[in-house]
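Worksheet: the structure to be examined is printed underneath.
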Amino acid sequence: MDGVRPWGDERVEESIGKLLRAGVLVAAVVVMSGGVLYLARHGRESAAYHVFHGEPSDLRGVSGVLHDVWNGRARGIIQLGLLLASLAGA
Amino acid sequence: MDVLALTAVLLAASLGAGFLGALTGLGGGVVIIPVLTLALGVDIRYAIGASLVSVIATSSGAAATYVREGFTNLRAGMLLEIATTLGALAGATLAAHVPTRVIEVIFGLVLLYSAYLSHRPHVEHGADSDRSAGLAARLRLDSTYPAPEGARAYRVHNVAGGFGLMGVAGILSGLLGIGSGALKVLAMDQVMRLPFKVSTTTSNFMIGVTAAASGGVYLRRGYVDPGLAMPVMLGVLAGSTVGARLLAHTDVRLLRLVFGLMIVALALQMIVNGLRGSI
Chain A
180 MDGVRPWGDE RVEESIGKLL RAGVLVAAVV VMSGGVLYLA RHGRESAAYH
230 VFHGEPSDLR GVSGVLHDVW NGRARGIIQL GLLLASLAGA
Chain W
21 MDVLALTAVL LAASLGAGFL GALTGLGGGV VIIPVLTLAL GVDIRYAIGA
71 SLVSVIATSS GAAATYVREG FTNLRAGMLL EIATTLGALA GATLAAHVPT
121 RVIEVIFGLV LLYSAYLSHR PHVEHGADSD RSAGLAARLR LDSTYPAPEG
171 ARAYRVHNVA GGFGLMGVAG ILSGLLGIGS GALKVLAMDQ VMRLPFKVST
221 TTSNFMIGVT AAASGGVYLR RGYVDPGLAM PVMLGVLAGS TVGARLLAHT
271 DVRLLRLVFG LMIVALALQM IVNGLRGSI
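Going down the list, the sequences are from chains A and W.
180 is the number of the first residue of the first sequence in this note's numbering; add one for each residue after it.
21 is the number of the first residue of the second sequence in this note's numbering; add one for each residue after it.
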């Protein structure tokens, strides 16, 4: 263990801080790129959230979201970013 | 209103929500939910989904800063998070089978009482005789936090009581789709008697994990809409990053006052919502 710093509380704090920051940054970039795409495609449509329909099934689970991302769908990309953010937070 | 305008309004509101959320250890749902439901006419279920996203983003934006600066009590946070996560999973599963409206009203009343309690600050430092401190010592929960004159030591009290209350906070989080930062801060501040800034920052670290636990359940139910979540996440993230930088220089009395006002606002929302039966 020569030259290796022991894992004291301070080093744990430092590493967790860095990990959190990196994860959040990646998630934010993904959400932002999905968001730009979404606004470019749908920005002029009218927003309809008065009545609850629930999200379509592809946006409710990991495999559906990945499928949407693969097909370049903006809402899927945003959802992927949100999943990444909750991973980074947890 | 078109999607662009809605996005702009939400982005602005979320900046404020993230800023306040980072400073008080609350998730920002207290700002996001009324803006969505009252001002923009969005269905409460979409609002709950967006609110959970705002909680995760508040935590993400601020937690890294607080952990690095040494405010967050990681050991206490991780221990208590066990109780909260289990509670959140139980609560989210139970939500379909219990009268959430009644629970909302009760929770609102509890919060009003807590707001009153939190205005009688306890002594944060100094020697005291506490027989239940053994558990805190064995788990090495006692720690220090940065103060203007340097690191200041504090002790952790009533670990068992705090753990129990965190379980309740988790259940409420899952049941009502809230981050339950309010109960977390109150449990650490009033029951475990941590310094206020340690309570809010440790809550900040924890609420993201709790919200992620109940968020998964709500995602599967179709409550999380990307069009609403996108401006909320980005706005809250920016707001909470700024708020987190200011905490070290903010007076504790001012923080307590802002926290108290937000708790009262949250309580009134809960009671009104519950009575109207809008969920």
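Quick reminder that beta carbons are idealized off the backbone N, C-alpha and C, glycines included.
Could I get the ranges of all uninterrupted alpha helix (DSSP H) runs contained in the segment 46-89 of chain W, with 4 residues as the minimum, in chain order?
-> 49-54 and 64-89
What residues match up with W/A173 in a beta bridge as DSSP calls it?
-> Locating residue 173 of chain W in the second sequence gives position 153, where the first residue counts as 1. W/T164, per the DSSP bridge assignment.
Would you say W/V252 faces chain A, with C-beta separation under 7 angstroms as the test?
-> Position 232 of the second sequence, counted from the first residue, corresponds to residue 252 of chain W. No, no contact with chain A.
W/A189 versus W/G182 - alpha carbon distance | On the second sequence, position 169 is the one that residue 189 of chain W refers to. On the second sequence, position 162 is the one that residue 182 of chain W refers to. C-alpha separation (whole angstroms): 10 angstroms.
Since W/L320 is in the alpha helix (DSSP H), which residue starts that stretch and which ends it?
-> Residue numbering for chain W in the displayed model covers 21 to 299; residue 320 of chain W lies beyond these limits and cannot be assessed.
Chain A within 7 angstroms of W/M226, Cβ atoms only | Along the second sequence, one-based indexing puts residue 226 of chain W at 206. No, its Cβ sits nowhere closer than 7 angstroms to a Cβ of chain A.
Can you round the beta-carbon distance between W/V113 and W/V229 to whole angstroms, since I take them to be within the 8 angstroms contact cut?
-> Here residue 113 of chain W refers to the residue found at position 93 of the second sequence. Here residue 229 of chain W refers to the residue found at position 209 of the second sequence. Residue 113 of chain W is actually Thr in this sequence, not Val. Their Cβ separation, rounded to whole angstroms, is 17 angstroms, which puts W/T113 and W/V229 out of contact at 8 angstroms.
Member of W/S71, W/M250, W/M290 and W/Q289 whose CA lies at the smallest distance from the CA of A/A253 = Here residue 253 of chain A refers to the residue found at position 74 of the first sequence. Out of W/S71, W/M250, W/M290 and W/Q289, W/M250 has the C-alpha closest to the C-alpha of A/A253.
Distance, Cα to Cα, W/F127 vs W/I53?
-> Locating residue 127 of chain W in the second sequence gives position 107, where the first residue counts as 1. Locating residue 53 of chain W in the second sequence gives position 33, where the first residue counts as 1. Spanning the two alpha carbons is a distance of roughly 16 angstroms.
Residue nearest to W/A285 in terms of C-alpha spacing, selected from W/G197, W/Y133 and W/A173 = For the purposes of this step, residue 285 of chain W is identified with residue 265 of the second sequence, where counting begins at 1. Answer by Cα proximity: W/Y133.
Scan the segment 193-246 of chain W and note each continuous beta strand (DSSP E) run of 3 residues or more that stays entirely inside, going in chain order.
-> none
Expressed to the nearest angstrom, what Euclidean distance is found between the alpha-carbon atoms of W/G48 and W/F216?
-> Taking the second sequence and counting its residues from 1, the one referred to as residue 48 of chain W is at position 28. Taking the second sequence and counting its residues from 1, the one referred to as residue 216 of chain W is at position 196. Cα-Cα distance, rounded: 18 angstroms.
Among the residues of its own chain, which have a CB less than 8 angstroms from the CB of W/P166, if the five just before and after it don't count?
-> As a first step, residue 166 of chain W is located in the second sequence; it is residue number 146 there, counting from the start. Contacts found: E89, G90, F91, R172 and A268.
Going by the CB atoms, is the gap between W/I191 and W/S79 shorter than 7 angstroms?
-> As a first step, residue 79 of chain W is located in the second sequence; it is residue number 59 there, counting from the start. As a first step, residue 191 of chain W is located in the second sequence; it is residue number 171 there, counting from the start. No; because the gap between Cβ atoms is not below 7 angstroms, this pair is not in contact.
A/H246 touches chain W at which residues, Cβ-Cβ below 7 angstroms?
-> Here residue 246 of chain A refers to the residue found at position 67 of the first sequence. The premise fails here: A/H246 is roughly 14 angstroms from chain W at the closest Cβ pair, so nothing lies under 7 angstroms.
Locate the alpha helix (DSSP H) running through W/T44, then write down its first and last residues.
-> Along the second sequence, read from residue 1 onward, the residue named residue 44 of chain W stands at position 24. That run of the alpha helix (DSSP H) goes V23 to T44.
Using Cβ-Cβ distances below 7 angstroms, what residues of the segment 192-209 of chain A are close to chain W?
-> E192, E193, I195, G196, L199, R200, V203 and A207
Would you report the Cα separation of W/A258 and W/G81, rounded to the nearest angstrom?
-> Along the second sequence, one-based indexing puts residue 258 of chain W at 238. Along the second sequence, one-based indexing puts residue 81 of chain W at 61. If you take the alpha carbons of W/A258 and W/G81, they lie about 7 angstroms apart.
Exposure label - W/Y136; buried when at least 16 CB within 10 Å | Within the second sequence, residue 136 of chain W is the residue found at index 116, counting from 1. Exposed: under 16 other Cβ atoms inside 10 Å.
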